[in-house]
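In the working numbering, the protein residues as written are -4 to 444.
We put the CB at the ideal spot given by N, CA and C, even for glycine.
This structure is a prediction, so every number in the text was calculated from the model and none was measured.
Here's the structure we're looking at; comments come further down.
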RNA sequence: GUGAUUGUAGCUCAGUUGGUUAGAGCGCCAGAUUGUGGCUCUGGAGGUCGCGGGUUCGAGCCCCGUCUUUCACCCCA
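Shown next as structure tokens:
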């Protein structure tokens, strides 16, 4: 039998894991620095938790887990088993809904406002393509139980910190669901907000004419499409855009509220200074609209070395995150980094730093049992000093042992045979330069640190 | 879900209008070299041509199905 793995899943090599862990560590460190606490939730949730939370499209992409036990055993004899008897669990589709479930289940133990982060894989039965996998990691941070817009500010700072640490140029796009509602309202098409936003979200991709065609096809009136044009075509600085929106949304209470929120977030960020990447008001941004109620955030790569167009981070505010699970009045705001996409981009732009310290620094050549045991003692000292060191386990030909070090990109080898044991020294060879010298343990530690 | 696309050695790929025993480079193993790698030389192993069916005297090549790869749409991290 030929081994294989499911479509859209991947194995990760040791080299890839070192790089993946670098990304996770950068994000984890920033989250912790901002006071977020880590949780984990199970890979499987009950289907009742997941279904209906991601829209019609999302339900189709849910992985359902077949039940085990007597029902399955007797399945052969059952003509038309009910689906609920077949499956009652599904794989996690994102981290936000499980988090909402977690908050409701643990509400009496939590200290609100609760700031949590979570770095775990999620699964979607999507057709794989560029930057899209069936199993991928999300790195979420959410604040629940606080309405303050300073949470939005902090999360945007988190995004800036992460990408500045990764040295990746990005464009952070900001919108607000209330502004979108205001736009729909002044067009007299409040009930068509989804159609309108989904259409204008495609502006970058398909151009203004096709966006207008789609709007008309969705039943929006000619005059409404006409009045929408200055909004779609809006350009210039954030200040210019906000002024234009002020005029356009003067008659909409909800629109004005959205603008006020946007202004506050931007002005605080401006006062704090020290940004990374561009921060851009973009009313065509409409991702995840099903649940966002306030701020909407999306981050795209804007590095000249990259052709990557998918978003690498997204987020926003949900006024009633836990309402579906029976806990009302809990506002939440959060972001999610797509680690796999960030990996692809860093690979593309050759943006990974030198991570060789994560691997073995020195290999001890094995000259036989007694020498090897002596080496293990020396290796223990190095390890206690935080240096990654290993012994070649077999007394193979030296050629083979050095080739092993070479292939593993280990920078140094140590040769400790009977002579060195007698003198208490360690012959150390730098494989890059070929230079070899006899060192004491202290000198060796100095070299490797 | 829709429309394309890919699959030949561990890897990257050749393979003529269908024709004898399917090739190359790199990698791998052994030796030249029993305490010194990369370079070089010599020798060697390694393939159900994704899988199943069909057409044919004959299929890596043509047809059908299926799985897989990659890409776009939809949607999304």
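Task: Contacting residues, own chain, Cβ-Cβ under 8 Å from residue 222 (five flanking each side not counted) - done: The answer, listed in chain order, is 181, 182.
TODO: May I have a chain-ordered list of the alpha helix (DSSP H) segments no shorter than 4 residues that lie completely inside the stretch 146 to 210?
DONE: Along the length of the stretch 146 to 210, whole alpha helix (DSSP H) runs at least 4 residues long occupy 172 to 181, 188 to 196, 198 to 201, reported in chain order.
TODO: Could you name the residues of the same chain whose beta carbon sits closer than 7 Å to that of residue 86, not counting the 5 residues immediately before and after it, in chain order?
DONE: For residue 86, the CB contacts under 7 Å within the same chain, skipping 5 residues up- and downstream, are 38, 39, 58, 60, 118 in chain order.
TODO: Between the Cα of residue 445 and those of 272, 254, 190, spot the shortest distance and give me the residue it belongs to.
DONE: One cannot answer for residue 445 here, as it falls past the ends of the chain, which runs -4 to 444.
TODO: May I have the straight-line CA-CA distance separating residue 287 from residue 319, to the nearest angstrom?
DONE: Rounded to the nearest angstrom, the gap between the Cα atoms of residue 287 and residue 319 is 14 Å.
Open item on the list: Buried or exposed for residue 220, going by 16 or more other Cβ atoms inside 10 Å?
Closed with: Buried, since its Cβ has 16 or more Cβ neighbours within 10 Å.
- [ ] Note the first and the last residue of the continuous beta strand (DSSP E) segment covering residue 290.
- [x] For residue 290, the uninterrupted beta strand (DSSP E) run begins and ends at 290 to 296, by DSSP.
TODO: Go ahead and pull the three-state DSSP assignment for residue 359.
DONE: Strand at residue 359.
Open item on the list: Using CA atoms only, rank isn't needed, just tell me which of 150, 169, 16 is closest to residue 280.
Closed with: Put simply, of 150, 169, 16 the residue whose alpha carbon is nearest the alpha carbon of residue 280 is 169.
Open item on the list: Can you look up residue 226 in the DSSP assignment and give me helix, strand or coil?
Closed with: Of the three classes helix, strand and coil, the one that applies to residue 226 here is helix, per DSSP.
Open item on the list: With distance defined between alpha-carbon atoms, name the residue in 98, 132, 82 nearest to residue 336.
Closed with: Answer by Cα proximity: 132.
Task: Classification of residue 107 by the beta-carbon crowding that lies within 10 angstroms, buried from 16 upward - done: With fewer than 16 other Cβ atoms from the protein chains shown falling within 10 Å of its own Cβ, residue 107 counts as exposed.
Task: Euclidean distance between Cα positions of residue 30 and residue 329 - done: Spanning the two alpha carbons is a distance of roughly 14 Å.
Open item on the list: So if DSSP puts residue 118 in a beta bridge, which residue, or which two residues, is it bridged to?
Closed with: Residue 118 pairs with 130.
- [ ] Grab me the residues of residue 14's own chain with a C-beta within less than 7 Å of its C-beta, minus the 5 sequence neighbours each way, in chain order.
- [x] Taken in chain order, the residues that qualify are 338, 347, 350.
TODO: Give the straight-line distance between the Cα atoms of residue 126 and residue 367, rounded to the nearest whole angstrom.
DONE: Roughly 47 Å separates the two Cα atoms.
Open item on the list: Please classify residue 7 as buried or exposed, where buried requires at least 16 other C-beta atoms within 10 Å of its C-beta.
Closed with: Residue 7 should be labelled exposed.
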